[in-house]
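Under our numbering, the first residue of the sequence shown carries the number 308, and numbering increases by one thereafter.
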Amino acid sequence: MHELLALGMPHPRVSVVIPTLNEARNLPVVLAGLPPDVYEVIVVDGHSVDGTVEVARRLRPDVRIVLQTRRGKGNALACGFAAATGDIIAMIDADGSADPAEIPCFVRALLAGADFAKGTRYATGGGSEDITRLRSLGNRMLTTFFNVCYRKRYSDLCYGYNLFWRKHLQVLRLDPVSPGPARGNGQVWGDGFEIETLIHIRVAKSGLVVAEVPSHERARIHGVSNLNAVRDGARVLLTIVAERRDAHRRVHAVAAPDSPAVSAGAAGAVLGPSPLQEDGAADAAVAAVALIGATSIAAELPQRV
Ligand SMILES: Nc1nc2c(ncn2[C@@H]2O[C@H](COP(=O)(O)OP(=O)(O)OP(=O)(O)O)[C@@H](O)[C@H]2O)c(=O)[nH]1
Ligand SMILES: [Mg+2]
């Protein structure tokens with residue numbers, strides 16, 4: 308970001324938050340590619356067993372290591388955001404798919420007036436070596452559904468390369484501290500791969516200024532993805548519907564603050580199970596995703612989806 312200084316532009320402090328789950332072999336490439344003048348690097352580890360934390364400390368002695376409080380990429384990001392102290396938060400993956408050299412492009416969008424700079428693989432200058440045809444189709448369908456629901460014109464909903472001003476963190480309403488439920492997978496809503504969708508929806512609903520920044524996604528270098536296209540696609544779909552329902556409840560909460568249903572809804576969207584458990588639309592959503600999944604299995608097996 309030296310060029311920003313050369314242009315006489317302000318030089319905000321960028322906190323880079325990197326969630327890691329067994330990424331010891333990929334971290335060297337990611338850390339080496341970071342712009343030299345980022346303010347801090349926060350690796351949020353999900354109890355990796357391959358020496359990820361040791362590698363991070365060896366390669367970057369100034370790294371801040373945060374251990375996540377629950378499970379999942381979403382929880383890792385929530386923990387990393389809470390630990391960040393810079394002006395801008397950059398969220399990038401540790402698998403080598405996000406090119407850290409693109410960070411200055413996102414920073415420029417923020418300096419030009421955006422509150423939130425979201426990466427897109429579907430704009431001129433963007434692209435992906437990592438996404439399969441099926442995932443791309445699913446992403447486009449989910450993006451269209453999101454645009455219809457929230458009256459936006461995003462081009463790429465399910466992409467995790469984003470930067471935003473830290474002063475807007477409260478808009479995301481993430482909870483890094485509460486213990487996970489004893490039953491089930493120990494996650495609360497937003498802890499999984501639905502996190503990017505959750506963030507985009509809450510930013511969209513808040514009225515913040517969003518700029519799309521073309522981004523070229525590279526292939527994961529080593530290891531395999533932790534994402535399951537069908538399961539996590541379903542969570543994304545549920546998130547789109549659930550957040551709309553939550554918005555309705557918040558509107559009613561303003562009108563009738565003592566309503567028990569309202570307070571349950573306001574808390575449940577963040578901390579509890581999906582509000583969709585009460586919503587018949589969920590069944591339709593899950594059925595739709597199951598159909599997409601079945602089609603994908605028929606069309607692409609044994610390819611990765
Ligand atoms: N701390 C933590 N990090 C995670 C967890 N799950 C995934 N990650 C990290 O999140 C980033 C993205 O995970 P991937 O498994 O590559 O999934 P993806 O990039 O969304 O999906 P692909 O396109 O299939 O690669 C990587 O840096 C992972 O190490 C988790 O449970 N905890
Ligand atoms: Mg990946």
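Think of the CB as a built atom: it goes at the ideal place given N, C-alpha and C, for glycine as much as any other residue. All figures in this text were calculated on a predicted structure; none of them were measured in a lab.
Cβ-based burial, residue i [other Cβ within 10 Å; buried from 16]
i, result
"residue 519", "buried"
"residue 529", "exposed"
"residue 587", "In this prediction, residue 587 scores a pLDDT of 45, lower than 50, which makes its location untrustworthy; no coordinate-derived value is stated."
"residue 427", "buried"
"residue 343", "exposed"
"residue 416", "buried"
"residue 338", "buried"
"residue 524", "buried"
"residue 387", "buried"
"residue 391", "buried"
"residue 374", "exposed"
"residue 407", "buried"
Backbone secondary structure at residue i - three-state DSSP
i, result
"residue 325", "strand"
"residue 351", "strand"
"residue 339", "helix"
"residue 498", "coil"
"residue 543", "helix"
"residue 330", "coil"
"residue 615", "Examination of residue 615 is not possible in this model, given that the chain is present from 308 through 612 alone."
"residue 553", "helix"
Beta-carbon proximity list for residue i, same chain, < 7 Å, skipping 5 on both sides
i, result
"residue 329", "355, 356, 357, 359, 530"
"residue 365", "none"
"residue 435", "428, 524"
"residue 401", "325, 326, 327, 330, 333, 334, 337"
Neighbourhood of residue i by C-beta distance below 6 Å, restricted to the same chain and skipping five residues each side
i, result
"residue 319", "394, 395"
"residue 372", "350, 360"
"residue 405", "399, 468"
"residue 412", "520"
"residue 551", "456"
Spatial neighbours of residue i in its chain, beta-carbon cut-off 8 Å, leaving aside the 5 residues before and after
i, result
"residue 509", "478, 479, 480, 550"
Can you list the beta strand (DSSP E) stretches of 3 or more residues lying completely in the segment 361-424, in chain order? Segments of the beta strand (DSSP E) lying fully in the segment 361-424: 371-374, 395-398.
Inspect the CB distances between the segment 542-550 and the segment 453-468 and report whether three or more fall short of 8 Å. Cβ pair count under 8 Å is three or more, so yes.
In chain order, which beta strand (DSSP E) runs of at least 3 residues are fully inside the segment 502-539? Runs of the beta strand (DSSP E) spanning 3 or more residues and lying entirely within the segment 502-539 occur at 517-521, in chain order.
Go through the segment 416-480 residue by residue and report every complete run of the alpha helix (DSSP H) that reaches 4 residues or more, in order. Listed in chain order, they are 440-457, 476-479.
Per the contact definition of three or more C-beta pairs closer than 8 Å, is the segment 361-381 in contact with the segment 493-508? Enough Cβ pairs lie closer than 8 Å, so yes.
With three or more beta-carbon pairs closer than 8 Å as the criterion, would you say the segment 443-452 touches the segment 474-487? Verdict: no, contact absent.
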